[in-house]
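Some notes on the structure that comes next.
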Amino acid sequence: MDAYSTKKRQEDGILSMALNAPNRVQQRSLSASKLEGLKQESEMAKQWHKKAADDFILTTSNCRGLQKDTKESRVWGGPDYRHVPPRDGQSSEYKNQLQALQRIGSEVTAKQEAIDKAMQNDYRQVRNTQPDTTVSSLQGWLQKYGSPRRQAEPEERWRSTSFKQRRL
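Numbering (our numbering), first residue to last: 1 to 168.
Have a look at this one:
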């Protein structure tokens, strides 16, 4: 959560009560670590794409060279082969990167499952919460949670305001 959102939630009377509850802190830390995993996965995917694009250029030139060599093979004397074999260890580099991407993806999935489980527990806790019986009037509610910062004014549209009585 950014600083602005944290400040606004701390200022709010109702939201501030559950802002730093242990389950909320755990959910925020899981979400932050999931976000870091997604950023890391994105960076690895960009590197993978760059490497694959470089290898694609080499493979394309090899294919074109082999097509020319196939045409020249019908001519007397045979072709002068242009094929360049792939580097040693190239496939192992791809396998290692693919395994790393899969590992990070499984970590992100596990973190998302943990977030979902924590949210389900939170929803269950909220559903099982009994209503607050200490507040029985609007004055009691305002005393417990604070009065609203914006007050109703006649100049402000879309808000309920009390006007003078029209009849006696």
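A virtual CB, placed ideally from N, CA and C, is assigned to each residue, including glycine.
Candidates the options, of which the one nearest residue i by Cα
{"i": "residue 14", "options": "145, 58, 118, 31", "result": "145"}
{"i": "residue 93", "options": "69, 44, 83, 79", "result": "44"}
{"i": "residue 151", "options": "18, 143, 162", "result": "162"}
{"i": "residue 164", "options": "157, 153, 158", "result": "153"}
{"i": "residue 59", "options": "79, 39, 83", "result": "83"}
{"i": "residue 21", "options": "65, 126, 76", "result": "126"}
{"i": "residue 108", "options": "32, 71, 85", "result": "32"}
{"i": "residue 48", "options": "102, 11, 75", "result": "102"}
{"i": "residue 8", "options": "149, 61, 158, 155", "result": "149"}
{"i": "residue 90", "options": "122, 119, 56", "result": "56"}
{"i": "residue 63", "options": "81, 157, 142, 121", "result": "81"}
{"i": "residue 142", "options": "1, 12, 5, 2", "result": "12"}
C-beta contact flag for residue i and residue j at 8 Å
{"i": "residue 51", "j": "residue 111", "result": "no"}
{"i": "residue 140", "j": "residue 41", "result": "no"}
{"i": "residue 30", "j": "residue 114", "result": "yes"}
{"i": "residue 85", "j": "residue 69", "result": "no"}
beta-carbon residue i near the ligand COA non-hydrogen atom, thresh 7 Å
{"i": "residue 74", "result": "Ligands displayed in this structure: none; no statement on the ligand COA is therefore possible."}
- prompt: How do the segment 90–109 and the segment 9–29 stand: do at least 3 beta-carbon pairs fall below 8 Å, yes or no?
  reply: The segment 90–109, when compared against the segment 9–29, does not touch it at the 8 Å Cβ threshold.
field: Secondary structure, alpha helix (DSSP H): runs of 4+ residues fully inside the segment 27–69
entry: The alpha helix (DSSP H) runs of length 4 or more contained entirely in the segment 27–69 do not exist; there are none.
- request: Could you tell me which uninterrupted alpha helix (DSSP H) segments, each at least 4 residues in length, are contained entirely in the segment 63–130, listed from first to last along the chain?
  value: Segments of the alpha helix (DSSP H) lying fully in the segment 63–130: 90–127.
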